[in-house]
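Asker: Quick one: structure below, then a few questions.
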């Protein structure tokens, strides 16, 4: 493409929650992810030209689709009269717990910020991407958009004011994610959570999260694994994920450091110290689910420290 | 003393909980602390020769006093027929929230372990000191005994199995503790805690604790301060501490990084980046309390990275 008014940006899938880090941790994957092409125009109009890869499930109205809605917010915030033509290429399953709406929003925002000469800092883009999350799933959470936009392993320390901390990524670390083809809407998964939890449970959970953060700084992968226990979401969410216990047993049997639910599921993830282990585990779970008539796909990835990628401009 | 069967050990006061680290964090002070003298005998008997500095409040029966009770456990665990004569010198207020029982137990255990040729590792001494805590206050918590025994800033990652992590101490860091002379039994302070807390509150608390741990590794004292918020214990415990809000306001006004309840109170603590600030704050609070007819004493200390100290042998 030689047209400098057009750009194509890839933004990655993200795994959030990470067991002990419920609602506050997330990391970015190399793949899968979404790609958004944007062409800047002077029309003042926002046009969602095409969506591919969504099986016709995403809203086509620009104000209801996350990718275009955040571009509208971006223009409004700048007070410009720009218009844009937007193409959204979904490269990952919807409602899977892999931060699909986050990837669309981040790709679109990074694209439009590039095309307009970088008027916004990352922190500002993050706030807009969070508004995209509010549109997509009812709450402006940051645990997918922040790792998607910043790359790496991210802690949301505070929402008011918003504070995002990039944690050092233990090396080597390989993640396996498996997406079984069942539908659990994020709203429903959130509704399954209790409004209150026992103080004792909360203490164990925060002790584990503290251990996790320590493990990141000291590259202590055994501690990382021991700390990645989920006493809060897994007990109530895992029963909705078919074969959760069997998949977990398989992963731990294959020396996974940790296994858990990605986001609000149904995707599950596991972390390994080497790639062959991650691949073997993913293939074993894939086979096992297929044998049980459950379609699924899997991805192997390091933690993606780069975040969004400009494909061409 | 030339008698190699006698030793004198000092063990420090400790500040536990640390706001966002309720039940899982603690650090050791340089002063105050307890000193225990132990003379090993062949009598098979355990004798509590004298207690000083307790105002006659501590139990004098060897099996009920923490310092001697842990020595008995130590001997029983080893299966020896040793006896001991024990002198306990309380150098700090009882029931103050400064880990008084922890200091007595740790000093006694380090002393008797030294006298018997170090048959136990620190981890084993810690378990016995925790049993001392169970005797003293009804629960075998580790957030005072662990920093007292290990020194420094300590995270209790897990109780089952017990796992203690020493966090890097941000530098420079000065603590001020003020002990107002009011009595709040630990059991009563624990009873004030709710059995359940809102999930939202728990998430904020663990996000802050994660921020705190990150701040320790990156020596980011501003982040340390922002993270040290207590959404769990402070709201229910602070009303029992006279002038809590006024002391907090004074500390924050004197540029404290953080202010909170030490242990279960009534002692309060604050952290500063330099010593004069810590001193000025302590003196101002001391004066203010005296003007309001509330006796108190205060201590200024760095985080004590050494832990127990052998005074002579």
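Residue numbers (my numbering), protein chains in the order written: chain E, 35 to 347; chain S, 35 to 347.
For every residue, glycine included, the Cβ atom is placed at its ideal position computed from N, Cα and C.
Please classify residue 38 (chain E): does DSSP put it in a helix, a strand, or coil?
Answerer: coil
Asker: Starting from residue 14 (chain E) and walking both ways along the beta strand (DSSP E), at which residues does that stretch end?
Answerer: Residue 14 (chain E) is absent from the structure shown; chain E starts at 35 and stops at 347.
Asker: In the segment 229 to 314 of chain S, which residue ranges form an unbroken alpha helix (DSSP H) of at least 4 residues, counting only runs that do not cross its ends?
Answerer: 233 to 252, 255 to 261, 268 to 271 and 278 to 287
Asker: Could you say which of S:272, S:92 and S:329 lies nearest to residue 222 (chain S) if we only look at CA atoms?
Answerer: When the alpha-carbon of residue 222 (chain S) is set against those of S:272, S:92 and S:329, the nearest one is in S:272.
Asker: Have a look at the DSSP bridge pairing and note the partners of residue 178 (chain E).
Answerer: Answer by DSSP bridge pairing: none, since residue 178 (chain E) is not bridged.
Asker: Exposed or buried, residue 239 (chain S), counting other C-beta atoms within 10 Å across all chains shown (16 or more means buried)?
Answerer: buried
Asker: For residue 61 (chain E), which three-state DSSP category applies?
Answerer: strand
Asker: Distance cutoff 8 Å, beta carbons only. Does residue 342 (chain E) sit that close to anything in chain S?
Answerer: Not a single CB atom of chain S sits nearer than 8 Å to the CB of residue 342 (chain E).
Asker: Quick check on DSSP: helix, strand or coil for residue 120 (chain E)?
Answerer: strand
Asker: In the DSSP assignment, find the beta strand (DSSP E) that holds residue 84 (chain E) and state where it starts and stops.
Answerer: 80 to 86
Asker: What residue ranges within the segment 98 to 162 of chain E form continuous alpha helix (DSSP H) runs of no fewer than 4 residues, ordered along the chain?
Answerer: Counting only runs of 4+ residues, the alpha helix (DSSP H) found wholly inside the segment 98 to 162 of chain E occupies 100 to 112 and 134 to 149, in chain order.
Asker: I want to check one thing, is the minimum distance from the CB of residue 209 (chain S) to the heavy atoms of the ligand PLP below 7 Å?
Answerer: The model on display carries no ligand, and the ligand PLP is accordingly not part of it.
Asker: Between residue 96 (chain S) and residue 74 (chain S), which are expected to be in contact by the criterion C-beta below 8 Å, what is the C-beta distance as a whole number of angstroms?
Answerer: Contact flag wrong, Cβ pair sits at about 15 Å.
Asker: Can you grab the Cα-Cα spacing for the pair residue 143 (chain S) / residue 156 (chain S), in whole Å?
Answerer: 10 Å
Asker: Between the segment 42 to 62 of chain E and the segment 82 to 95 of chain E, can you find at least three pairs of beta-carbon atoms closer than 8 Å?
Answerer: no
Asker: Rounded to whole angstroms, what's the CA-CA distance from residue 292 (chain S) to residue 186 (chain S)? Just pull it up for me.
Answerer: 18 Å
Asker: Could you give the distance in angstroms between the alpha-carbon of residue 37 (chain E) and the alpha-carbon of residue 56 (chain E)?
Answerer: With a pLDDT of only 47 at residue 37 (chain E), under the threshold of 50, the placement of this residue in the model should not be trusted, and no figure is reported.
Asker: Taking 8 Å as the CB-CB limit, is residue 50 (chain S) close to chain E?
Answerer: no
Asker: How long is the line joining the alpha carbons of residue 165 (chain S) and residue 167 (chain E), rounded to whole angstroms?
Answerer: Spanning the two alpha carbons is a distance of roughly 49 Å.
Asker: Would you call residue 268 (chain E) buried or exposed, if buried means 16 or more other Cβ atoms sit within 10 Å of its Cβ?
Answerer: Residue 268 (chain E) comes out buried.
Asker: Does the beta-carbon distance from residue 231 (chain E) to residue 190 (chain S) come in below 8 Å?
Answerer: no
Asker: Shorter than 8 Å from the beta carbon of residue 61 (chain S) to some beta carbon of chain E?
Answerer: no
Asker: Hey, could you find the ends of the beta strand (DSSP E) residue 213 (chain S) is sitting in?
Answerer: 208 to 214
Asker: Taking DSSP's pairing of strands, which residues face residue 191 (chain E) in a bridge?
Answerer: In the DSSP output, where bridge partners are listed per residue, residue 191 (chain E) has none listed.
Asker: Below 7 Å between beta carbons is the criterion; list the residues of the segment 299 to 329 of chain S that meet it against any residue of chain E, in chain order.
Answerer: none
Asker: For residue 253 (chain S), go through chain E and note every residue whose CB falls closer than 9 Å to its CB, in chain order.
Answerer: Here the premise fails: no neighbours, minimum Cβ distance about 11 Å.
Asker: So that I know if they touch, is there some Cβ in chain S lying closer than 8 Å to that of residue 44 (chain E)?
Answerer: no
Asker: Tell me whether the beta-carbon of residue 349 (chain E) lies closer than 8 Å to the beta-carbon of residue 169 (chain E).
Answerer: Here chain E has residues from 35 to 347 only, and residue 349 (chain E) is not among them.
Asker: Along chain S, which residues have their Cβ under 7 Å away from the Cβ of residue 57 (chain E)?
Answerer: 237
Asker: Between the segment 177 to 201 of chain S and chain E, which residues of the former have CB atoms less than 7 Å from a CB of the latter, in chain order?
Answerer: 189, 190, 191, 192, 199 and 201
Asker: Quick one: give me the first and last residue of the beta strand (DSSP E) that residue 330 (chain S) is part of.
Answerer: 330 to 336
Asker: Where does the unbroken beta strand (DSSP E) through residue 199 (chain S) begin, and where does it stop?
Answerer: From DSSP, the beta strand (DSSP E) with residue 199 (chain S) extends over 196 to 201.
Asker: Is it right to say residue 113 (chain E) is buried, meaning 16 or more other beta carbons lie within 10 angstroms of its own, or is it exposed?
Answerer: exposed
Asker: Can you give me the C-alpha to C-alpha distance between residue 346 (chain E) and residue 123 (chain E), rounded to a whole angstrom?
Answerer: 15 Å
Asker: Quick one: Cα of residue 115 (chain S) to Cα of residue 252 (chain E), how far?
Answerer: 44 Å
Asker: Which residue's Cα is closest to the Cα of residue 339 (chain E): E:180, E:71 and E:176?
Answerer: E:180
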